Every structure is written in structure tokens, then in C-alpha cells.
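Count along the sequence shown from 1, then add 1063; that gives the number in my numbering. Where a beta carbon is used, it is the ideal one built from N, C-alpha and C, also for glycine. Remember, predicted model here, so these are calculated numbers, not experimental data. For reference, the structure discussed in these notes is given below.
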Amino acid sequence: MRLVFVIYFALIQLGLSPECEAQAKTEVQVKAEEFSNLRKLVMPPAVQRVVGGEVTTIEKVGGFIVALHYENSFICGGSLVKDRIVLSAAHCFLGRTNKSLWLIKGGVSNLNDDGPTVALRDYVIPSAFDQASMHMDVAILLLDKPLKGPNIKQIQLCKTQLLPNMVLTVSGWGLVDPEGTFVQKTLRTVSVPVIKKKKCKQVYRSSIQISNSMFCAGLLGKKDACTFDSGGPFVYKDKSGQLELCGIVSFGIGCASSTYPGVYTDVNYVKPFILSTIANF
Ligand SMILES: *[C@@H]1O[C@H](CO)[C@@H](O)[C@H](O)[C@H]1NC(C)=O
């Protein structure tokens, strides 16, 4: 679950779009100063969900996005990088450590659709990850069997160095509560620009340190800067038209917050860890 944090004042003053505002009002409202308590926010007592973006299909996205379920509830998105390897966010596994309760479904646009589903053989999260800092928010999953099917494709890891204003595309099924009641069933997507790290650090200064493993992106103050589920792909289309997995949805504040961009795990930064983990599976 990537979390949405709504700041009353921002919503009131910004005059957000009716759709966004209406949906945001139904959310659990979290004051900005409480953001420092990330533990609480990563595992919220109640519900958040996706706002904004456009409905899309697994084919349009590129076939690599997968849905991670725990105890039959949708929890997080992920990306298939090899036929048995999925990348997601480490925080998806907080409090969900029983491997035999995870299932990974691929090839679907709607979460209710049937698609090839495989069990989890193993997963690794970096020892440097901790939920207070959200540093190194990446998980590498080894699937029990290759995930294959008509709509299922793999995506390569990022090769491009990200710079401010480059536009990437995030996709996901949205935010869920622990019971899975508020899942956005249909795959959604939105494209947003990378934001200068210096600026992002300043903005988050009082809440959390933007570490080397993170980068920020979003269209501040626009409704389509809203949120998608954790662990999901943030994808760059390079000059030759190839898709690269450059970010993993990690955390953020706000539906169309004018202040807080979304924060992503930087795949280039965590790549050595990913590659050594895959080599050791
Ligand atoms: C994990 O879940 C399985 C299936 O429900 C169960 O049999 C097993 O005891 C659980 N393991 C732990 C360590 O809780």
C-alpha cells in the first residue's frame, strides 16, 4: 500500500478537482506532523485508496506488472524482471513474513480476473531497510515456478540515469486496507516528471530523510499526481522505445499535494543488491 496523506489545509486552499476532493474527504486524514511516525503510516489502521490517473490494461502497460496477494488479499504491485523474479517494495512484507501465504498473479488488468498465479519460494529484503527511514525499500521475490501467460512479459532493469523533468509512468491497482476492501480493481496509470532531489529533500526535511536509495516524482498540485500502490513499477521509455524499470513505488504524502511529491526506490541505486541477490537464489 502506498499511502496517501491528506492535509486538510492544502485541500481546502488548493481547490482540487471535484473528483479528487470528494474522494480525498473519505480518506483517513493524517496531519503532516504525524508523518514522522512512519511505522504507523506504513501499516495504517484504516483505509486509503487510489485517486486520479487513467484506466489502462495490462497489455498497454507492458505485461510485466503483477499483483501480490497475502492471505488472499491484494497487498502490493510488483514487476516481473525474469520469469521467476519479481521486484516489489520491502515494506509490503512488514508483518507478512509467512512465505506460504503469498501468491503472485500476472497477466490481469482487473484484479478480479483470473490469471496465472504462482506461489512464493523465497524473498529477500536488504538488511539496511528499516521502516523508520524507508531506506532501501526493495524486495526481491523468487517465484516457485516461472510466471508465464499470454499477457505476461518481463521488464529490464533501469539503464538510464534519471534526471529532473524526465517523465516516467507509474501503474497500479491502488491502495488497500489490511482487509482488502478498498482495492481499486482496475489497473490505472499516470505519467509524472522526476523532481530535483534537492527540492524533494527540502520538502520532506522535517518528516523523513530522502536517502540515496530514493528519488522523487510528481506533478505538484495536480490531481494526477495521486497515488498508486506500493511495490509497483515506475517505468521509463528510452529513446529506442524500450521500457526500463527505474523506480519502485515507496511512499508519499497526499492526493495531489502541492507540496509532497511521491517517493520511489531508485532501481539504479539498488541494482547491485538486486543482481547479487538474484545470483544467490
Ligand atoms: C504459514 O502458513 C501456513 C499455511 O497456512 C501454515 O501451515 C504455517 O504453519 C504458517 N507458518 C508459520 C510460521 O506461521
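Query raised in the report: Where does residue 1261 land, buried or exposed, given buried means 16+ other C-beta within 10 angstroms?
Result: For the purposes of this step, residue 1261 is identified with residue 198 of the sequence shown, where counting begins at 1. Exposed, by the Cβ-count rule.
Query raised in the report: Helix or strand or just coil, what does DSSP make of residue 1299?
Result: As a working note, residue 1299 is residue 236 in the sequence shown. Strand, per DSSP.
Report task. Under the assumption that residue 1323 contacts residue 1311 (Cβ atoms under 8 Å), give the Cβ distance between them as a whole number of angstroms. Result -> For the purposes of this step, residue 1323 is taken as residue 260 along the sequence shown, with counting starting at 1. For the purposes of this step, residue 1311 is taken as residue 248 along the sequence shown, with counting starting at 1. Incorrect: roughly 18 Å between the Cβ atoms, too far for contact.
Query raised in the report: Quick one: does the C-beta of residue 1164 sit closer than 8 Å to a heavy atom of ligand 1?
Result: As a first step, residue 1164 must be located in the sequence shown, where it is residue number 101. Yes.
**Report entry** Stretch pair the stretch 1139-1156 + the stretch 1171-1179: three plus CB contacts closer than 8 Å
**Finding:** Because the criterion of three Cβ pairs below 8 Å is not met, the stretch 1139-1156 and the stretch 1171-1179 do not touch.
Report task. Report the rounded CA-to-CA distance for residue 1208 versus residue 1173, giving the unit in angstroms. Result -> Mapped onto the sequence shown, residue 1208 falls at position 145. Mapped onto the sequence shown, residue 1173 falls at position 110. Cα to Cα, residue 1208 sits roughly 22 Å from residue 1173.
Requested in this report: Indicate whether the contact test is met: 3 or more Cβ pairs, each with one atom in the stretch 1220-1240 and one in the stretch 1255-1275, closer than 8 Å.
Outcome: Yes, they touch.
Query raised in the report: Mapping DSSP to helix, strand and coil, what is residue 1343?
Result: The sequence position of residue 1343 within the sequence shown is 280, counting from 1. In the three-state reduction of the DSSP assignment, residue 1343 falls in the helix class, which pools H, G and I.
Query raised in the report: Does ligand 1 have even one heavy atom less than 8 Å from the beta-carbon of residue 1343?
Result: Stepping through the sequence shown from its first residue, residue 1343 is reached at position 280. Checking every heavy atom of ligand 1 against the Cβ of residue 1343, none is found closer than 8 Å.
Report task. Compare the C-beta of residue 1295 against all C-beta atoms of chain C and say whether one is closer than 9 Å. Result -> The chain inventory of the structure shown lacks chain C, comprising one protein chain alone.
**Report entry** Continuous alpha helix (DSSP H) stretch holding residue 1122: start and end
**Finding:** What you label residue 1122 is simply residue 59 of the sequence shown in a count that begins at 1. Run containing residue 1122: 1121-1124, per the alpha helix (DSSP H) assignment.
**Report entry** Rounded Cβ spacing between residue 1185 and residue 1314 (contact assumed at less than 8 Å)
**Finding:** Sequence index remark: in the sequence shown, residue 1185 carries index 122 (1-based). Sequence index remark: in the sequence shown, residue 1314 carries index 251 (1-based). That pair is no contact at about 25 Å.
Query raised in the report: Roughly how many whole angstroms lie between the Cα atoms of residue 1158 and residue 1196?
Result: Locating residue 1158 in the sequence shown gives position 95, counting from the first residue. Locating residue 1196 in the sequence shown gives position 133, counting from the first residue. Distance between the alpha carbons of residue 1158 and residue 1196 is about 17 Å.
Requested in this report: Verify the contact flag: residue 1161, CB atom, against every heavy atom of ligand 1, threshold strictly below 8 Å.
Outcome: Along the sequence shown, one-based indexing puts residue 1161 at 98. Within the cutoff, so yes.
Query raised in the report: From 1293, 1298 and 1301, pick the residue whose C-alpha is nearest to that of residue 1155; which is it?
Result: Here residue 1155 is taken as the residue at index 92 of the sequence shown, counted from 1. Comparing Cα positions, the closest option is 1293.
Query - For residue 1215 and residue 1169, believed in contact at Cβ under 8 Å, the rounded distance - result: Numbered from its first residue, the sequence shown carries residue 1169 at position 106. Numbered from its first residue, the sequence shown carries residue 1215 at position 152. Going by Cβ atoms, the distance from residue 1169 to residue 1215 rounds to 5 Å, so yes, they are a contact pair.
Query raised in the report: How should residue 1342 be labelled, buried or exposed, when 16 other C-beta atoms within 10 angstroms of its C-beta is the threshold for buried?
Result: The sequence position of residue 1342 within the sequence shown is 279, counting from 1. It is exposed - the Cβ of residue 1342 has fewer than 16 other Cβ atoms within 10 Å.
Query - Cross-strand partners of residue 1312 (DSSP beta bridge) - result: As a position in the sequence shown, residue 1312 is number 249, starting the count at 1. Note: residue 1312 is bridge-paired with 1327 in the DSSP secondary-structure output.
Query raised in the report: Within this structure, are the beta carbons of residue 1253 and residue 1266 separated by less than 9 Å?
Result: Counting from one through the sequence shown, the residue named residue 1253 turns up at place 190. Counting from one through the sequence shown, the residue named residue 1266 turns up at place 203. No, they are not a contact pair.
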